[in-house]
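Q: Mind having a look at this structure? Questions to follow.
Numbering (this note's numbering), first residue to last: 51 to 184.
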């Protein structure tokens, strides 16, 4: 599986067309410059989202690939549904995610499939790095 450093390296490629965000305490994402990604990760207070990785992680095509770097206790999106099936892959740490009111803990190498229209949210009880493929 890919590492955080490899994801950050992808985001710094001259041809990277994705976007980077931070998720604040109001549970909304705000655009950040790719050069701010390491700052927000090091700060350890907010979730960092890197979108548009599918061009480089071609084994997931034609689906989109986003990476979420979440420190323990970091804010995330409120419960929501997606318009497509989503698979969450934990690539480091332990990802806690609530699906239809049931909390699941994913460890490095684990994944969970979330069907289209299923209510879910990240609870971030531990440090984690995960890919969202949808």
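Built from N, CA and C at the ideal position, the CB exists for glycine as well.
Please classify residue 153: does DSSP put it in a helix, a strand, or coil?
A: Numbered from its first residue, the chain shown carries residue 153 at position 103. It is a strand residue.
Q: Let me know the secondary structure DSSP gives residue 61 once reduced to three states.
A: Residue 61 sits at position 11 when you count from the first residue of the chain shown. It is helical.
Q: Check the C-beta distance from residue 147 over to residue 170 and give it rounded, since I have them as a contact under 8 Å.
A: Along the chain shown, read from residue 1 onward, the residue named residue 147 stands at position 97. Along the chain shown, read from residue 1 onward, the residue named residue 170 stands at position 120. That belief holds up - the Cβ atoms of residue 147 and residue 170 are roughly 6 Å apart, short of 8 Å.
Q: What first and last residue would you give for the alpha helix (DSSP H) that runs through residue 89?
A: Translated into positions along the chain shown, residue 89 becomes position 39. It spans 87-93 - the alpha helix (DSSP H) in which residue 89 sits, taken as one unbroken run.
Q: When DSSP labels each residue in this structure, what does residue 145 get in the three-state scheme?
A: Taking the first residue of the chain shown as 1, we reach residue 145 at position 95. Three-state DSSP puts residue 145 in a strand.
Q: Would you be able to state if there are at least three C-beta pairs under 8 Å between the region 143-157 and the region 103-110?
A: Flag = no, the region 103-110 and the region 143-157 do not touch.
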